[in-house]
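Chains as they are written, first to last, in the numbering used here: chain W, 2 to 159; chain H, 43 to 143. This report concerns only the one structure given below.
What follows is the structure, given as structure tokens:
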């Protein structure tokens, strides 16, 4: 397998959320691929126990999001091909895209949060295409709290 | 019958890829909302948009993604960017020539 061109993440930092929305979206464009190494969800505003779910989806249509640029792991790294855009890479969907597949879903207690850290053999890989979206979504409305969510991926972009 | 152009590429005069154009569908997904304690599935409206990706001349700088409503607008954007890239390439080439001692 080719060497990755870089490690990047997209973090939605401490945003009060109480509705079932996609919180992070990554567009993996044509001529690139992404291997998802981590995803997480936790919060920093409540101490009351409550259960919710989060899922990592593949979407065939874009969510309408607030544009955000992926952050590279090193300063001297090439820029991510998953560029920011309202129908590309970003956070906090105001319109939902069509979910075509689901790689991971788990329930968790919001007091503890959850970390998805697959073994290398089980990492989800998304080969780029015009509509290659990875989306981290609350499938049901979570208890209101200031959630921090993130996705991290290795990119193969030549 | 309708033919829809879903992808295209705009090249610079020297053959380098300046921009790519892709038709992307937006929305059409669903969201579960609770109304009076009862979960309700709401389907969001769908639309399409052309993504025009301006390929960065330097891979340390990110590409720029612009949106266009029609294929014609998308190609016009891509061609305008290709023309700017070609102008800059000429300026850089002449600067390099001037700097020779």
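Backbone N, C-alpha and C define an ideal beta-carbon position, used for all residues, glycine too. No experiment lies behind these values; they were computed from the predicted model shown.
Beta-carbon neighbours of residue i, restricted to chain H and to distances below 9 angstroms
i: residue 64/W; result: 68, 69, 71 and 86
i: residue 97/W; result: 69, 70, 71, 72, 73, 84, 85 and 86
i: residue 100/W; result: 71 and 72
Chain H residues whose Cβ lies nearer than 7 angstroms to that of residue i
i: residue 141/W; result: 74
i: residue 132/W; result: 66 and 67
i: residue 79/W; result: 101 and 102
Residue i to residue j span [Cα, whole Å]
i: residue 36/W; j: residue 135/W; result: 11 angstroms
i: residue 97/W; j: residue 157/W; result: 27 angstroms
i: residue 89/H; j: residue 132/W; result: 13 angstroms
i: residue 128/W; j: residue 100/H; result: 23 angstroms
i: residue 57/H; j: residue 117/H; result: 17 angstroms
i: residue 61/H; j: residue 107/W; result: 39 angstroms
i: residue 123/H; j: residue 91/W; result: 24 angstroms
i: residue 127/H; j: residue 106/H; result: 13 angstroms
i: residue 92/H; j: residue 50/W; result: 44 angstroms
i: residue 113/W; j: residue 39/W; result: 17 angstroms
i: residue 126/W; j: residue 151/W; result: 17 angstroms
i: residue 89/W; j: residue 134/H; result: 32 angstroms
i: residue 54/H; j: residue 125/H; result: 7 angstroms
Buried versus exposed, by CB contacts within 10 Å (16 or more), residue i
i: residue 19/W; result: exposed
i: residue 11/W; result: buried
i: residue 76/W; result: exposed
i: residue 82/H; result: exposed
i: residue 86/H; result: buried
i: residue 129/H; result: exposed
i: residue 143/H; result: exposed
i: residue 51/H; result: exposed
Interface residues of chain W facing residue i [CB-CB closer than 8 angstroms]
i: residue 169/H; result: Absent from the structure is residue 169/H, since the part of chain H shown begins at 43 and ends at 143.
i: residue 95/H; result: 30 and 84
i: residue 98/H; result: 80
Chain H residues whose Cβ lies nearer than 8 angstroms to that of residue i
i: residue 21/W; result: 73, 74 and 75
Under 9 angstroms from the C-beta of residue i: neighbouring residues of chain W
i: residue 80/H; result: Chain W residues near residue 80/H: none, gap ~12 angstroms exceeds 9 angstroms.
(message) Check whether the region 71 to 83 of chain W and the region 115 to 128 of chain W touch, using three or more Cβ-Cβ pairs below 8 angstroms as the test.
(response) These segments do not touch.
(request) Counting only runs of 4+ residues fully inside the region 72 to 155 of chain W, write out the alpha helix (DSSP H) ranges in chain order. (result) When DSSP assignments are scanned along the region 72 to 155 of chain W, no uninterrupted stretch of alpha helix (DSSP H) that is 4 or more residues long falls wholly within it.
(request) Determine contact between the region 72 to 82 of chain H and the region 48 to 61 of chain W, defined as no fewer than three beta-carbon pairs at a distance below 8 angstroms. (result) Below 8 angstroms, too few C-beta pairs join the region 72 to 82 of chain H and the region 48 to 61 of chain W to call them touching: fewer than three.
(message) Restricting to runs no shorter than 3 residues, where is the beta strand (DSSP E) found entirely within the region 7 to 35 of chain W?
(response) Counting only unbroken stretches of 3 or more residues, the beta strand (DSSP E) elements lying wholly within the region 7 to 35 of chain W are 7 to 18 and 23 to 28, in sequence order.
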